[in-house]
Amino acid sequence: MADSPLIEFRNVNFSYGTRPVLKGVDMSMSRGQVIAIMGGSGSGKTTLLRLIGGEVSPSAGSVSVAGQTVHELSRDELFRLRRKMGMLFQFGALFTDLSVFDNVAFQMREHTDLPESMIRDLVLMKLHAVGLRGAHHLMPAQLSGGMARRVALARSIALDPMLVMFDEPFAGLDPISLSVVGGLIRRLTDTLGMTSILVTHDVQESLQIVDYVYFLADGVITAHGTPDEVRESKVPFVHQFVHGETDGPVPFHYQAQTYSQDLGIGVMKSV
Amino acid sequence: MVKQLKVFIESVGHRVVDSIWRLGYATRFILLVLLKSVPGFLRFRLITREIYFAGVLSLIIILVSGLFVGMVLGLQGYETLQKFGSESAVGTLVALSLVRELGPVIAALLFASRAGSAMTAEIGLMKATEQLAAMGMMAIDPIARIIAPRFWGGVFSMPLLAAMFSVTGIFGGYLVTVVFIGVDEGSFWSQMQSAVDFRYDIVNGVIKSGFFGVVVTAIAVFEGFDAPPTAEGVSRATTRTVVTSALAILGLDFVLTAFMFRGVS
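Chains as they are written, first to last, in this note's numbering: chain G, 1 to 271; chain Z, 1 to 265.
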C-alpha cells in the first residue's frame, strides 16, 4: 500500500455543459511529495482539485484517492474521505464571522468530541506552526492577505490530513509572504508526512519547493517531470510558460477573423 | 414582422419555463433544508444564534414602527369615530387592525427588508468567497450547518416579532387616544377586551405571521444560496429577496384572510 500512488487519474474527461475542460488526463501522485499542476488561467487546473475532492464527477475515466474511486463513493463515504483531506482555497475562504482561533478549531469541534482545553492546545500548536499563535484572537478582516493565507493553511491541516490541496496559494501575495507560504508548504508536508498538491501558475516559487510538476494545457497533460527537467524542457509550451514569453504555442491574440476584415480594409494582409 | 413575433413568443415561453423550473428548484431546496434540519435542533445554540441575528437585532425597527403605526391608527380612528359619537370604540379598532392585519403584514415586510436581505447577502457572500465550498470540503454539509439554522431562526422569530409589533402598536394607540386626547380609559380597554377574541383574532394573526415567517425566510435563504458568486449577483439576489417577499406576503395575506375571516363568527 505504501508504494501505490495516493492519487491516480485514469483517462479522465470532464466538461462543463458542452465545453470540454479535460480530455483524457492521466496522472499519478506518490505519497509524501509536493506536486504542482501548472497551466494558464482557465486550463482546468482547479477542476482537477474539484475532481479529487469529489465536488464534481468525471464524464469518463476515474479518479482514485488512496485506492478508492472518488465518484463511486456514497455521500457518507465521500465525507469520510474528505475528513482526511484539507483544502486551501484561492483567497483562503476563512469564515468571516469567526475569529482566527475559531476558524482553526472549526473542524475539531464539528468532527471530534475533544474537550475544549485540548482543542485550545491543538489550535495554538497549528497556529504556532504557521507563525501566527499571537494572532489567534483577531478576526479575518483584520489580517493581511499573507496572514489570512497562513491561517487558512493552519486550518487545512487542523485534523492532520493525508492530503492537502492548494488552489493558487501564491496568488496576490507580496514576495516575503510568498516565500513564507512556499516554505511552509514544503516544511509541513515533510514534518506531517502528508502529500500536497499545488495548483499554480507561479513558476519560479513553485519550482523551488515541489518534487514533481504536471503541465496542463487545453485539457491535456502536455508535459511532466521534476523541476530540473522542466527548466531544461524543450517542449514549446513548457518553454513559453516557464520563461513567461508572450507569444508561442499559447497565442497572444484571442481567436478572431483577420485584422483587415475587422477593420474593413481589403488590401492589408492579416497579422 | 413574423420573425419578431416569433422571437417575442419564444422569449416569453423561455421566461415562463425558466421561472417554473426555478420554482421547482426552490421547492426542492427548501425540502432539502427541512430534511437536514435535525443536526440544528440537536445543537440548538446554532438556531439560538440565528434567532438573535434575525429576531433580536430586528427588535428596534419593529418596536418603533409598531408604536408609530399604532399612534396613527389611534389618531385616524378617533377622527372618524368621534363623528358618530363612538370614540370609545377606538381601542377595538386599533387592536383588531393590528392583531388581524397590520401586525403580521407590516412586521413581515420589515422583517424581509431588515433580516431577510441580510440573510441573503450573508449567504451569497459566503458562497462568493468560497466559504460554503470550503465547509463542504471539510466534510461539513453547508445546508445543515449554515442554511437550516438560519431558516429556523427566521421562522421562530417572525411570530414573536409580529406579536411585539401589535403590542407596541396598541400601546401607541392608547398613548394618543387616552393619554393625549382624553378618551375614557376604562371603555378603551374594556371594549377592546370584549371585542377581541383569542381564537378568532389573535391565533389567526399568529398563524398568519407563522406563514409569513416560513415564506420570507425560505425566499431569503434560497436567494442567497442561489446567488451568482459575484458582487452584482449578490446585490441582485438581495433585491429579489425584498421584492419577492413583499409580493408573497401581500398575496398570501389575501388568501389567508379569505380563509380565516368571513364574517361568520
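By construction, the Cβ of each residue, glycine as well, lies at the ideal position given by its N, Cα and C atoms.
Residue-level contact check: Z:ILE60 does not touch chain G, since none of the beta carbons of chain G fall below 8 Å from its beta carbon. For G:ALA60, the uninterrupted beta strand (DSSP E) run begins and ends at 60-65, by DSSP.
Taking the beta carbon of G:MET85 as reference, the chain Z residues within 8 Å of it are MET137, listed in sequence order.
In this structure Z:GLY224 is in contact with Z:ILE123, their Cβ atoms being roughly 3 Å apart against a cut-off of 8 Å. Of Z:ILE61, Z:GLU232, Z:TYR200 and Z:ALA220, the smallest CA-CA separation from Z:LEU96 is found for Z:TYR200. Here Z:GLY85 is exposed: its Cβ has fewer than 16 other Cβ atoms, across all protein chains shown, within 10 Å. Only those residues of the segment 40-65 of chain G whose C-beta falls short of 8 Å from the nearest C-beta of chain Z are listed: GLY53 and GLU55. The C-alpha of G:ASP167 is placed about 46 Å away from the C-alpha of Z:LEU250.
Going by beta carbons, Z:GLY136 and G:GLU55 fall inside the 8 Å limit. For Z:THR244, the enclosing alpha helix (DSSP H) begins and ends at 231-260.
Shown in chain order are the members of the segment 94-110 of chain G whose Cβ falls below 9 Å from a Cβ of chain Z: LEU94, PHE95, THR96, ASP97, PHE106, GLN107 and GLU110. Contact between the segment 99-113 of chain Z and the segment 148-166 of chain Z is present: 3 or more CB-CB pairs across the two stretches fall below 8 Å.
Cβ-Cβ separation between G:ILE35 and G:ASP211: approximately 7 Å, consistent with a contact (criterion under 8 Å).
According to DSSP, Z:SER88 shares a beta bridge with no other residue.
For the pair Z:VAL183 and Z:GLU87, the CB atoms are nearer than the 8 Å cut-off.
Straight across, the Cα-Cα distance linking Z:VAL64 with G:SER15 is about 54 Å.
Here the alpha carbon of G:GLU116 sits roughly 36 Å from the alpha carbon of G:ASP174.
With its beta carbon less than 8 Å from one in chain G, Z:THR129 belongs to the interface.
DSSP places G:LYS23 in the uninterrupted beta strand (DSSP E) bounded by 19-29. With its beta carbon at least 8 Å from every one in chain Z, G:ARG187 lies outside the interface. Residue-level contact by beta carbon holds for G:PHE79 and chain Z, with a gap shorter than 8 Å. For Z:ARG114, the closest C-alpha among the options Z:GLY205, Z:LEU31, Z:GLY24 and Z:ALA220 is that of Z:ALA220. Interface residue (Cβ-Cβ distance to chain Z less than 8 Å): G:ARG82 is classified as such.
Under the DSSP definition of a beta bridge, G:TYR16 partners with G:ARG19.
Per the DSSP secondary-structure output, G:GLN68 pairs in a beta bridge with G:VAL65. At a cut-off of 8 Å between beta carbons, Z:ALA133 contacts chain G.
Per DSSP, reduced to three states, the secondary structure at Z:GLU223 is helical. Taking 8 Å as the upper bound for CB-CB distance, Z:GLU185 and Z:VAL176 are not in contact here, some 13 Å apart. Around the beta carbon of Z:PRO149, 16 or more other beta carbons lie within 10 angstroms, which makes this residue buried. Of the other Cβ atoms in all chains shown, 16 or more fall within 10 Å of the Cβ of G:PHE241; this residue is therefore buried.
The beta-carbon of G:PHE241 is placed no less than 8 Å from the nearest beta-carbon of chain Z.
Rounded to whole angstroms, the Cβ separation of G:GLY44 and G:VAL63 is 13 Å, and the two are not in contact under 8 Å. In this structure, G:PRO236 sits away from G:THR200, with a CB-CB distance that is not shorter than 8 Å. For Z:ILE140, the neighbours in chain G by C-beta distance under 7 Å run, in chain order, GLU110. Between Z:VAL99 and Z:ILE9, the C-beta spacing is not below 8 Å.
In terms of Cβ geometry, G:LYS84 and G:PRO161 form a close pair [threshold 8 Å].
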